[in-house]
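If you want the working numbering, it's the position in the sequence shown, counting the first as 1, plus 831. Cβ atoms here follow ideal geometry from the backbone N, Cα and C, with glycine treated the same way. A quick note: this is a predicted structure, and the numbers were derived from the prediction, not measured.
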Amino acid sequence: MVKVLLFDLDGTLLPMDTEKFVNHYIKELAPRVSHILDPQVFVKALLTGTDAMMKNLEPNKTNAQVFEDTFLPLVSLQKEEIWPALDEFYEKVFPTFSHLSSPTPLAKKLVEEALNQGFRLAVATNPVFPKAAIYHRLKWAGIDDIPFEIVTVYEEISFTKPHKEYYLEIANRLGVEPNECIMIGNDKQEDMSASSIGMKTFLVEGHVIDRGQPQFRVDEQGTLEQLYEKVKNRQGLFS
């Protein structure tokens, strides 16, 4: 019996072109630290730190710790020398990126209906961003007031998609078995990989990302509107 719905954020509850968004984010962030270090050095270290998070499988380190341990030696700085500039960026500049997304009222309608149907909810977004950046995006999607039991942010989670450990960590925190969860997302590799530990999967059409390989099981797929109808009427995976 399905108890928990895990929702991806970017491209799923918050329609957007993720690649375009990330490119804009990096282009805007680098100049904000130019008074501290060379933007090219910063970007290279940022990408290396992100790559380290994506590969990490150490359960005793959060993604934030992995990033800091990789990033700081590359820029030869102490955390207190650069983090205030980054925090200010996420507080003041990041919110202005909302125009790169296309929020839909369907997102709130869907998660509220899921709650009405008795499902427990979690936001399973790839935790490579700080909490501030992820909560800004929840706000853009109009769902920042929804009582999600978990929102995966890089300060609190130790793994990333598409690793099975990421999905196991969520299931363990929620106290459920993987087969009691449905992972809902738009990425055929990062989101559908949840099927490798027995989670059911729903692929949201509209902003599908498919890198070709590897391929994972997709149990059902459809638009956000079709997903809403399935949840509302308890059809298919949601019955």
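If you keep only unbroken alpha helix (DSSP H) runs of at least 4 residues inside the stretch 882-938, you get 894-906 and 910-919. Here residue 1061 has 1067 and 1069 as same chain residues with Cβ atoms under 6 Å from its own Cβ, once five neighbours each way along the sequence are excluded.
Under the three-state reduction of DSSP, residue 1029 is assigned to coil, being neither helix nor strand. Secondary-structure assignment with DSSP links residue 1034 through a beta bridge to 1016 and 1052. Under the criterion of beta carbons closer than 8 Å, residue 898 and residue 883 qualify as touching, at roughly 7 Å.
In the DSSP annotation of this structure, residue 953 is not part of any alpha helix (DSSP H); the continuous beta strand (DSSP E) holding it starts and ends at 951-954. Separation of residue 853 and residue 832 (C-alpha to C-alpha, rounded to the nearest whole angstrom) is 37 Å.
Between residue 921 and residue 961 the beta-carbon gap is near 6 Å, inside 8 Å, which marks them as a contact. Rounded to the nearest whole angstrom, the CA to CA distance from residue 981 to residue 1001 is 8 Å.
In this structure, DSSP gives residue 852 a helical state, which the three-state scheme calls helix.
Here the C-alpha atom of residue 975 lies approximately 26 Å from the C-alpha atom of residue 1020.
The beta carbons of residue 1022 and residue 841 sit about 11 Å from each other, so the pair does not count as a contact at 8 Å.
Looking from the CA of residue 954, the closest CA among 992, 931, 923 and 933 belongs to 992. Residue environment: residue 967 is assigned as buried (16 or more neighbouring CB atoms within 10 Å of its CB, all protein chains considered).
CA-CA distance, residue 904 to residue 835, rounds to 40 Å. With fewer than 16 other CB atoms across the displayed protein chains lying within 10 angstroms of its CB, residue 1048 is exposed.
Approximately 16 Å separates the beta-carbon atoms of residue 1009 and residue 983; this is outside 8 Å, ruling out the contact. Looking at the backbone, the Cα of residue 877 and that of residue 1064 are separated by about 45 Å.
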